[in-house]
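Student: After the structure tokens below, expect a handful of questions from me.
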Amino acid sequence: MAEGGNGQLKAYIERIENVNADIKDRMEDRKEIYSELKSAGYTPKIVRKLVARRAMEKAKRDEEDALLETYEGAVGL
Numbered sequence: 000m001a002e003g004g005n006g007q008l009k010a011y012i013e014r015i016e017n018v019n020a021d022i023k024d025r026m027e028d029r030k031e032i033y034s035e036l037k038s039a040g041y042t043p044k045i046v047r048k049l050v051a052r053r054a055m056e057k058a059k060r061d062e063e064d065a066l067l068e069t070y071e072g073a074v075g076l
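Its first residue numbered 0, the sequence shown is counted upward by one per residue in numbering that gives the first Met the number 0.
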């Protein structure tokens, strides 16, 4: 066992538990926001895609768009 013994291990575990609780709270907040935007007439599935695309670097997004366009052309869309 590492130096610091049981007290240090317990402190790490408690920090992890606190972060997990924060993550759960933030996930609930996100769920609430998507519910609100659905009530406002937006489509959550599309908004999720927009959020993901905004998180991408422009070059990556452009590459993905070009591939999608190529593939759509190949299948006649």
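For every residue, glycine included, the Cβ atom is placed at its ideal position computed from N, Cα and C. A quick note: this is a predicted structure, and the numbers were derived from the prediction, not measured.
Pull up the distance between the alpha-carbon of arginine 21 and that of aspartate 28, whole angstroms please.
Tutor: Residue mapping note: residue 21 aligns to position 22 of the sequence shown, counting from 1. Residue mapping note: residue 28 aligns to position 29 of the sequence shown, counting from 1. Checking the sequence shown, residue 21 turns out to be aspartate, not arginine. Going from the Cα of aspartate 21 to the Cα of aspartate 28 covers about 10 Å.
Student: If you draw a straight line from the alpha carbon of arginine 14 to that of valine 46, how long is it in whole angstroms?
Tutor: The count along the sequence shown starts at 1 and reaches residue 14 at position 15. The count along the sequence shown starts at 1 and reaches residue 46 at position 47. Our two residues, arginine 14 and valine 46, have alpha carbons roughly 33 Å apart in a direct line.
Student: Roughly how many whole angstroms lie between the Cα atoms of glycine 72 and alanine 65?
Tutor: As a first step, residue 72 is located in the sequence shown; it is residue number 73 there, counting from the start. As a first step, residue 65 is located in the sequence shown; it is residue number 66 there, counting from the start. If I take the Cα positions, the gap works out to 11 Å.
Student: Tell me the rounded alpha-carbon separation between methionine 55 and lysine 30.
Tutor: Here residue 55 refers to the residue found at position 56 of the sequence shown. Here residue 30 refers to the residue found at position 31 of the sequence shown. In this structure, the alpha-carbon of methionine 55 lies about 22 Å from that of lysine 30.
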